[in-house]
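Participant: Each number in my numbering corresponds to the 1-based position in the sequence shown with 127 added. Backbone N, C-alpha and C define an ideal beta-carbon position, used for all residues, glycine too. Note that this is a predicted model, so its numbers are computed, not measured. Before I ask anything, let me first share the structure, which is written out below as structure tokens.
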Amino acid sequence: MKPRYTFLFPGQGSYLPGLFGNLVDHYPLITATLSTMDEVAAAAGRAPVSPMLLDTGSPTLQELVDQDPPALHLAIFAASVTAFRLLAEECGVSPDLLLGHSFGELTALTAAGALSIEDGAYLVAQRDESLRRSAAPRGGLVAVNCGARRARALLDALAEWRLSIAADNRPDQVVISGPDEELARLGDAARALGLTATRLRIPFPFHNRIMLDAADDFAARAADVPKRVPRLPVYSSLLGRHVEDIADVERVIAGHLVMQVRFLAAAREVHADGIRRFVESGPKGVLADLVDRIFPDAVAVAPFRQRADQRVLLSAVERLLAGRNGDRAPERIPVTSGNTRAGTVRARPAPEPGRRSAEPTPIRSAPAVSAPAAVRPEPTRTAVPEEQPTGTGADGDTVFATVRGLYADLLGYPPDAFQPDADLEADLGVDSIKQTEAFARALEHFGLSTSETKVRLTNYPTLAAVADLLVDLRAGREPAGTAT
């Protein structure tokens, strides 16, 4: 039986600066797609998005969250659309179903042909105008490592009516939405119960009724945008079913700011339908990791988990087509020429960009390509070095070696992937939730309090910085980036 593939479209926070910088010379469609996004940005009076996805020196996720959320949102959309085109048109991965998460539902609709690329990008810009005009309080999202039932009990006990479950992601993870003050109280309560509460780098309290004014304004702005019935199957985690007609497209657009994301239920429906192969069409690997945790028999690959070069991209596609996992450990093999290796998926020139059409069509797929049979070894588990007793003042090298072993063991990476200057997120694809989990394990290992120590991990982007932080905490020094 021919394997079927679900494309996963990530939402808020799925951004890596310079994501396509190592690929743009090999795939002309990257330039073509990003040029379309730049035209929409210019029409909205904004700076072009291309440099953000081609230049590794572009603003970080945290900088964009703090300073320019509209630029961030268009970059996320552009990255996901471009990734889809690369996978479907260049790499021979034929999409059988599209599944978006939160903001990623707009990208899924665009990839399916319900919206043209231009109109999808236009809606992203209009969405930000609606967010700018919203009277909703300043807030955001917090991920908690418990199931939806326990989360509802926690919210009931707190009696904070402006808090709500924004996303039910997996049996042991939900995301809570609300204003800053209520989220702070939620975090304290969760930690008191022994749970981990991770503030996500997202600048609005999405999927919450307090965003209703923004949702209504956005629906009005989207009313005249041309829409079509999707020409590729789309399953909506907001609607809890397939998107069947234009009315469903409008429901997703109008409601995605306030409706709850039921990703766990959606993934189970897709899995029950017999699909076992999932590929993340966008930066990082948040959704692929969720699928991997939910279904032991699924193959979930994230080709853009890190800033990929051509070798890394094609290797990930080979694993997907061969039906094997193993993309968690980052690869660092540079491409020395534009030619692909014999027997691998081959790159080919992208078509010239066409004029905007009033009749959007789904992004086409290249013929599927058989993958070679060679299997890359899975990353091995790593023994954690014996640490000195707490309070002995172990030097930075010893702490770094210990932390590297802890992180490698938790994340399934080879220890040598954790070079001192490697960016945990941009270079290694370790998202904020996994960084928080790994840091909590390091705190526990060194006998430090996980409830009393509050630091902003975005200030410590490399493992060397994390090790220095732990040295300071062990010595009783107040580190930079402590939460106030």
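(1) From N586 to Y249, what does the alpha carbon distance come to, in whole angstroms?
(2) Under the DSSP definition of a beta bridge, which residues are partnered with L282?
(3) So, using beta-carbon positions, are L600 and A565 closer together than 9 angstroms?
(4) Span of the beta strand (DSSP E) holding F134?
(5) Within the continuous alpha helix (DSSP H) that includes F390, where are the two ends?
(6) By DSSP, does N452 sit in helix, in strand, or in coil?
(7) Going along the chain, which unbroken runs of the alpha helix (DSSP H) with 4 or more residues stay wholly within the region 209-249?
(8) Where does the unbroken beta strand (DSSP E) through I303 begin, and where does it stop?
(9) Kindly provide the ranges of any beta strand (DSSP E) runs that are 3 or more residues long and lie completely inside the region 374-444, ordered along the chain.
(10) Would you kindly report the start and end of the unbroken alpha helix (DSSP H) that includes T158?
(11) CB G274 to CB S291, shorter than 9 angstroms?
(12) Go to S559, then tell me how far its alpha helix (DSSP H) extends in each direction, as first and last residue.
(13) Applying the 10 Å Cβ sphere with the 16-neighbour rule, what's the burial state of K354?
(14) Considering only the beta carbon of each residue, do L441 and V428 sit closer than 9 angstroms?
(15) Drop a sphere of 10 angstroms on the beta-carbon of M164, count the other beta-carbons inside from all chains shown, and report buried for 16 or more, exposed for fewer.
(16) Which residue's Cα is closest to the Cα of A206: L191, Y142, G172 and L268?
(17) Taking the beta carbon of A544 as the centre, do at least 16 other beta carbons fall within 10 Å, making it buried, or is it exposed?
(18) Can you tell me whether DSSP reads S185 as helix, strand or coil?
(19) Can you tell me whether G603 is buried or exposed? The criterion is at least 16 other CB atoms within 10 Å of its CB, across all chains shown.
(20) Inspect the CB distances between the region 209-220 and the region 330-346 and report whether three or more fall short of 8 angstroms.
(21) Would you report the Cα separation of S619 and K411, rounded to the nearest angstrom?
(22) Going by other Cβ atoms of all chains shown within 10 Å of its Cβ, with 16 needed for buried, is L320 buried or exposed?
(23) In three-state terms, what does DSSP make of L590?
(24) Give every residue of the same chain whose Cβ lies closer than 6 angstroms to the Cβ of P130, excluding the five residues on either side of it in the sequence, and list them in chain order.
(25) Expressed to the nearest angstrom, what Euclidean distance is found between the alpha-carbon atoms of A399 and F422?
(26) Pick helix, strand or coil for R265, following the three-state DSSP scheme.
(27) Closer than 7 angstroms by C-beta to T237: which residues in its own chain qualify, once you throw out the five before and the five after it? Chain order, please.
(28) Which residue wins for smallest C-alpha separation from L150, given the options D436, I402 and Q139?
(29) How would you write the range of the alpha helix (DSSP H) that D152 sits in, first residue to last?
(30) From A535 to V385, what distance separates their C-alpha atoms?
(31) When you compare only the Cα positions, how much space is there between Q562 and L584?
(32) Secondary structure at R368, three-state DSSP: helix, strand or coil?
(33) Which whole-angstrom value is the C-beta distance of P332 and A263, which I expect to be below 8 angstroms?
(34) Leaving out five residues on either side along the sequence, give the residues of the same chain with a beta carbon under 7 angstroms from the beta carbon of L181.
(35) Which of the three DSSP states, helix, strand or coil, is assigned to S363?
(36) Please look up how many angstroms separate the CB atoms of L391 and P298, rounded, as I've assumed it's under 8 angstroms.
Facilitator: If we stick to the structure as given:
(1) The alpha-carbon atoms of N586 and Y249 are separated by roughly 33 angstroms.
(2) Its beta-bridge partners do not exist; DSSP assigns none.
(3) Cβ distance not < 9 angstroms, so L600 and A565 don't count as in contact.
(4) First-last of the beta strand (DSSP E) with F134: Y132 to F136.
(5) Residues F390 to A399.
(6) Coil.
(7) Taking 4 residues as the minimum length, the alpha helix (DSSP H) runs contained wholly in the region 209-249 are 231-238, in order along the chain.
(8) Q300 to P306 is the span of the beta strand (DSSP E), which, as asked, contains I303.
(9) DSSP runs (the beta strand (DSSP E)) wholly in the region 374-444: 404-407 and 426-428.
(10) Residues P155 to A170.
(11) In this structure, S291 does not lie closer than 9 angstroms to G274 by Cβ.
(12) Going by DSSP, S559 is part of the alpha helix (DSSP H) stretching over S559 to H572.
(13) With 16 or more Cβ atoms within 10 Å of its Cβ, K354 is classed as buried.
(14) Taking a C-beta distance under 9 angstroms as the contact criterion, L441 and V428 do not qualify as a contact pair.
(15) Residue environment: M164 is assigned as buried (16 or more neighbouring CB atoms within 10 Å of its CB, all protein chains considered).
(16) The residue with the shortest Cα to Cα distance from A206 is Y142.
(17) With 16 or more other CB atoms across the displayed protein chains lying within 10 angstroms of its CB, A544 is buried.
(18) Coil, per DSSP.
(19) It is exposed - the Cβ of G603 has fewer than 16 other Cβ atoms within 10 Å.
(20) Short answer: they don't touch.
(21) Nothing can be reported for residue 619: it is not among the residues displayed for the chain, which extend from 128 to 611.
(22) Counting C-beta atoms within 10 angstroms of its own C-beta, L320 has fewer than 16 neighbours from the protein chains shown and is therefore classed as exposed.
(23) It is helical.
(24) The beta carbon of P130 is closer than 6 angstroms to those of R404 in its chain, skipping five residues each way along the sequence.
(25) Cα-Cα distance, rounded: 11 angstroms.
(26) The DSSP-derived three-state label of R265 is coil.
(27) For T237, where only same-chain residues beyond five positions count, the Cβ hits under 7 angstroms are V208, I244 and G247.
(28) Of the candidates D436, I402 and Q139, the one whose C-alpha sits nearest the C-alpha of L150 is D436.
(29) First-last for D152: undefined, no H or E at that position.
(30) If I take the Cα positions, the gap works out to 38 angstroms.
(31) Taking the Cα positions, Q562 is about 8 angstroms away from L584.
(32) R368 falls in the strand class under three-state DSSP.
(33) Separation of the CB atoms of P332 and A263 is rounded to 6 angstroms, and the pair is thereby assigned contact status at 8 angstroms.
(34) In the same chain as L181, and ignoring 5 residues on each side of it, the C-beta atoms closer than 7 angstroms to its own belong to G145, F147, G148 and V151, in chain order.
(35) In the displayed model, S363 falls within a strand according to three-state DSSP.
(36) Correct: roughly 7 angstroms between the Cβ atoms.
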